[in-house]
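Q:
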Ligand SMILES: [Zn+2]
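Numbering (UniProt numbering), first residue to last: 1 to 258.
Here you go:
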């Protein structure tokens with residue numbers, strides 16, 4: 001587990017380093033991403049402790065041999081998910097918020113917290129987190145799964161979408177399901193959440209019981225959708241995703257809060 005006490009890391013300059021490039025993450029030569037360093041390079045950002053050793057992340061151009069983040073999320077043990085998710089999101093924040101969004105001055109990062117401040121107008125920037133709902137719509141023992149044109153061939157998944165300003169998560173579940181597949185849902189129940197670093201989503205997982213069954217797909221975000229049962233499932237999302245957890249938990253016959 002990543003220990004997130006970054007207040008104590010303000011003056012720390014050594015420990016593990018995770019190097020993140022434009023298309024991937026550097027290998028440490030032993031099938032992992034944590035590289036021991038006697039001194040972190042300039043620009044490294046401390047993100048916490050891994051088994052009591054400080055960890056920093058560095059944004060670099062990288063090279064074509066670095067394996068993509070999705071590879072590492074699938075290859076490393078489940079406890080590494082939070083470490084990688086944090087590292088990827090902090091790098092993205094450092095790249096996307098270099099200048100003040102209000103006045104255009106170059107931002108300055110504060111040590112000991114995830115915060116950048118504008119020296120001209122005092123505007124503050126924190127890592128962006130985008131709340132999303134992700135929901136498995138069910139009808140008795142059937143699962144409503146859909147595919148986006150962006151998915152690998154044959155894969156179907158649960159429905160997901162960003163929560164809009166002023167909207168509750170439950171309202172977003174009802175709106176997204178109706179927009180994407182034309183289904184009205186009845187009871188909505190919370191499952192669990194997952195921080196998803198593609199690039200900075202916060203996925204809130206729900207089960208939604210269908211109140212209507214006929215599908216009308218939007219043809220844009222969703223290119224195909226159907227009702228499935230446990231004995232005739234399509235290709236499913238990767239095991240480290242909350243989408244997979246929603247599906248597997250339902251199939252185990254316990255569509256309740258974990
Ligand atoms: Zn400013």
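Here a beta-carbon is modelled for each residue, glycine too, at the ideal position from N, C-alpha and C.
(1) Are residue 46 and residue 54 closer than 8 Å when you measure CB to CB?
(2) Measuring CA to CA, which of 177, 11 and 222 is closest to residue 210?
(3) Please say whether residue 206 and residue 191 have beta carbons closer to each other than 8 Å?
(4) For residue 119, count neighbouring Cβ atoms within 10 angstroms of its own Cβ and tell me buried if that reaches 16, exposed if not.
(5) Report all residues for which the CB-ligand distance to some heavy atom of ligand 1 is below 5 Å; order them along the chain.
(6) In three-state terms, what does DSSP make of residue 33?
(7) Can you list, in chain order, the residues of its chain whose CB lies under 6 Å from that of residue 187, leaving out five sequence neighbours each side?
(8) Between residue 216 and residue 24, what straight-line distance do the alpha-carbon atoms span, to the nearest angstrom?
(9) What's the call for residue 144, buried or exposed, on a 16-neighbour Cβ count within 10 Å?
(10) Let me know the beta strand (DSSP E) ranges lying completely inside the segment 147-189, each 3 residues or longer, listed in chain order.
(11) Name the DSSP beta bridge partners of residue 220, please?
(12) First and last residue of the beta strand (DSSP E) that includes residue 69?
(13) State buried or exposed for residue 220, treating a residue as buried only when at least 16 other CB atoms are found within 10 Å of its CB.
(14) For the candidate residues 19, 2, 106 and 82, whose alpha-carbon lies nearest to that of residue 67?
A: Let's see:
(1) Here the question's residue 46 lines up with position 46 in the chain shown. Here the question's residue 54 lines up with position 54 in the chain shown. Taking 8 Å as the Cβ cut-off, residue 46 and residue 54 qualify as a contacting pair.
(2) For the purposes of this step, residue 210 is identified with residue 210 of the chain shown, where counting begins at 1. Residue 177 is the option with its Cα nearest to residue 210.
(3) For the purposes of this step, residue 191 is taken as residue 191 along the chain shown, with counting starting at 1. For the purposes of this step, residue 206 is taken as residue 206 along the chain shown, with counting starting at 1. For residue 191 and residue 206, yes; Cβs fall inside 8 Å.
(4) Position 119 of the chain shown, counted from the start, is the residue given in the question as residue 119. So residue 119 counts as exposed.
(5) 100, 102, 103, 105, 118, 120, 121 and 123
(6) Taking the first residue of the chain shown as position 1, residue 33 is located at position 33. Three-state result, residue 33: coil.
(7) For the purposes of this step, residue 187 is taken as residue 187 along the chain shown, with counting starting at 1. Within the same chain, residue 187 has close Cβ partners 209.
(8) Counted from its first residue, the chain shown places residue 216 at position 216. Counted from its first residue, the chain shown places residue 24 at position 24. The alpha-carbon atoms of residue 216 and residue 24 are separated by roughly 38 Å.
(9) Here residue 144 is taken as the residue at index 144 of the chain shown, counted from 1. The residue in question, residue 144, is buried, as its Cβ has 16 or more Cβ neighbours within 10 Å.
(10) 159-162
(11) By one-based count along the chain shown, residue 220 stands at place 220. Residue 220 is not bridged to any residue.
(12) Looking up residue 69 in the chain shown gives position 69. No beta strand (DSSP E) contains residue 69, which is instead part of the alpha helix (DSSP H) from 69-75.
(13) Sequence index remark: in the chain shown, residue 220 carries index 220 (1-based). Answer is exposed; the Cβ neighbour count stays below 16.
(14) Within the chain shown, numbered from 1, the residue matching residue 67 stands at position 67. Here the closest residue by C-alpha is 19.
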